[in-house]
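Comments concern the structure below.
Next comes the structure, spelled out in structure tokens:
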């Protein structure tokens, strides 16, 4: 990627998976694209479950072939009520084979995914990398002016804000955010275990939130353990041996003896939603556009759909000789993303609240709902398909 000019069709600010995917998709559609993101060593051991359309997007961007050997397929998803309440829901199992799929998706470590995205991005002559952070974004009538921390200037007709929860792009566009902090914290780490996972992802529903075991290659799994903030900090402070014992107990030893691998991360949970997903030549993707709890692996998958939609709509505008940052393009993007983001946020919020609520009359309602989901085939298959990609989107 070489810098031939400082004026672009589109500029992507933020170099996480959603931002890189958006930059690649824009460049693939012929847009002269800038990517403003500092290259940083990716030492984080977190993983991502790429579902359905996200894998299709990675394939269309010619990224998946570079990293699929580092991923584990997700063929069965188990939901286990571990609340010990008076009315407990029955276990529900979802199998990809019931809807004629080889896998719901694949779980991959973020480092391997990022390396594959970076390698693909480097192949586009029309994708210029500014290895720096954006320091200032100023929206003007015909374009957006940006200055990097090192003092480089560039302009673009469209800016894709992939710059996270504290989005500079969102602030520049004057888009307000509704935020609700949750009294929950997620502890993430990886484990090795004695028994094979057989490509089964298991989600234990506890009174404080889900504890999820997601397959990795070999006899390994990634863990997302949601609990009260003080408990999450206590668990993070345990020795490897003590945390191994604690997580094996939480898993009811379904995978045998567990050994915690190095690296732990703690994330306070919240729900965030901007009033608009695009305005004044700025389109929001990823966590700049939505923050949700880690239930159902929806977070990054939503972000990748953001990336695909803004690339498609702005690419169509460029191909027609139109302005990719025009109000009409941004309105179409907002309309495309709004039902997907709002419906997913609502469903995740309700599922999370149902775990935290001790109100006795609600317990049998949740139990019956889970029973119906597991017992009625058409309902179960509908839920599986909707969990991968909204029907209306197809």
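In full-length UniProt numbering, the protein residues as written are 1 to 394. From the three backbone atoms N, C-alpha and C, an ideal C-beta is built for every residue, glycine too.
Enclosing alpha helix (DSSP H) for residue i [first to last residue]
{"i": "residue 17", "result": "17–28"}
{"i": "residue 250", "result": "240–250"}
{"i": "residue 199", "result": "Here residue 199 belongs to no alpha helix (DSSP H), and DSSP marks it neither H nor E."}
{"i": "residue 169", "result": "168–172"}
{"i": "residue 112", "result": "110–121"}
{"i": "residue 315", "result": "299–319"}
Residue i: first and last residue of the uninterrupted beta strand (DSSP E) it sits in
{"i": "residue 400", "result": "Coverage of the chain is limited to positions 1 through 394, which leaves residue 400 absent and any answer about it impossible."}
{"i": "residue 274", "result": "265–274"}
{"i": "residue 281", "result": "Note, residue 281: premise wrong, no beta strand (DSSP E); not H, not E."}
{"i": "residue 181", "result": "177–193"}
{"i": "residue 295", "result": "No beta strand (DSSP E) contains residue 295, which DSSP labels as neither H nor E."}
{"i": "residue 160", "result": "153–161"}
{"i": "residue 135", "result": "134–139"}
{"i": "residue 11", "result": "7–13"}
{"i": "residue 211", "result": "209–216"}
{"i": "residue 145", "result": "144–148"}
{"i": "residue 130", "result": "127–130"}
Residue environment, residue i, which counts as buried when at least 16 other CB atoms sit within 10 Å
{"i": "residue 98", "result": "exposed"}
{"i": "residue 359", "result": "Low per-residue confidence applies at residue 359: pLDDT is 46, beneath 50, and the placement is therefore not dependable enough to give any value."}
{"i": "residue 294", "result": "buried"}
{"i": "residue 204", "result": "buried"}
{"i": "residue 328", "result": "exposed"}
{"i": "residue 208", "result": "buried"}
{"i": "residue 302", "result": "buried"}
{"i": "residue 321", "result": "exposed"}
{"i": "residue 376", "result": "exposed"}
{"i": "residue 140", "result": "exposed"}
{"i": "residue 183", "result": "exposed"}
{"i": "residue 399", "result": "The chain is shown from 1 up to 394; residue 399 falls before or after that span and cannot be answered."}
{"i": "residue 346", "result": "exposed"}
{"i": "residue 242", "result": "exposed"}
{"i": "residue 142", "result": "exposed"}
Nonlocal neighbours in the same chain, by C-beta distance under 7 Å from residue i, ignoring five residues either side
{"i": "residue 311", "result": "22, 25, 26 and 29"}
{"i": "residue 131", "result": "38 and 39"}
{"i": "residue 348", "result": "292, 293, 295, 296 and 298"}
Rounded Cβ spacing between residue i and residue j (contact assumed at less than 8 Å)
{"i": "residue 170", "j": "residue 274", "result": "6 Å"}
{"i": "residue 120", "j": "residue 62", "result": "6 Å"}
{"i": "residue 266", "j": "residue 236", "result": "5 Å"}
{"i": "residue 395", "j": "residue 157", "result": "There is simply no residue 395 to check, as the chain begins at 1 and stops at 394 in what is shown."}
{"i": "residue 54", "j": "residue 269", "result": "That belief does not hold up - the Cβ atoms of residue 54 and residue 269 are roughly 22 Å apart, past 8 Å."}
{"i": "residue 214", "j": "residue 107", "result": "5 Å"}
{"i": "residue 57", "j": "residue 232", "result": "Not really, about 32 Å apart at Cβ, beyond 8 Å."}
Cβ-based neighbour list, residue i, same chain, cut-off 6 Å, excluding 5 preceding and 5 following
{"i": "residue 229", "result": "185"}
{"i": "residue 225", "result": "187 and 211"}
{"i": "residue 103", "result": "73, 74, 75 and 96"}
{"i": "residue 217", "result": "72"}
{"i": "residue 245", "result": "none"}
{"i": "residue 15", "result": "37"}
{"i": "residue 388", "result": "51 and 52"}
{"i": "residue 77", "result": "94 and 201"}
{"i": "residue 154", "result": "6, 34 and 146"}
{"i": "residue 150", "result": "132"}
{"i": "residue 250", "result": "211"}
Contacts around residue i, its chain only, beta-carbon distance under 8 Å, and the 5 residues preceding and following it disregarded
{"i": "residue 381", "result": "98 and 99"}
Could you pull out every unbroken alpha helix (DSSP H) segment of at least 4 residues lying fully inside the region 32–86, listed in chain order? 53–60
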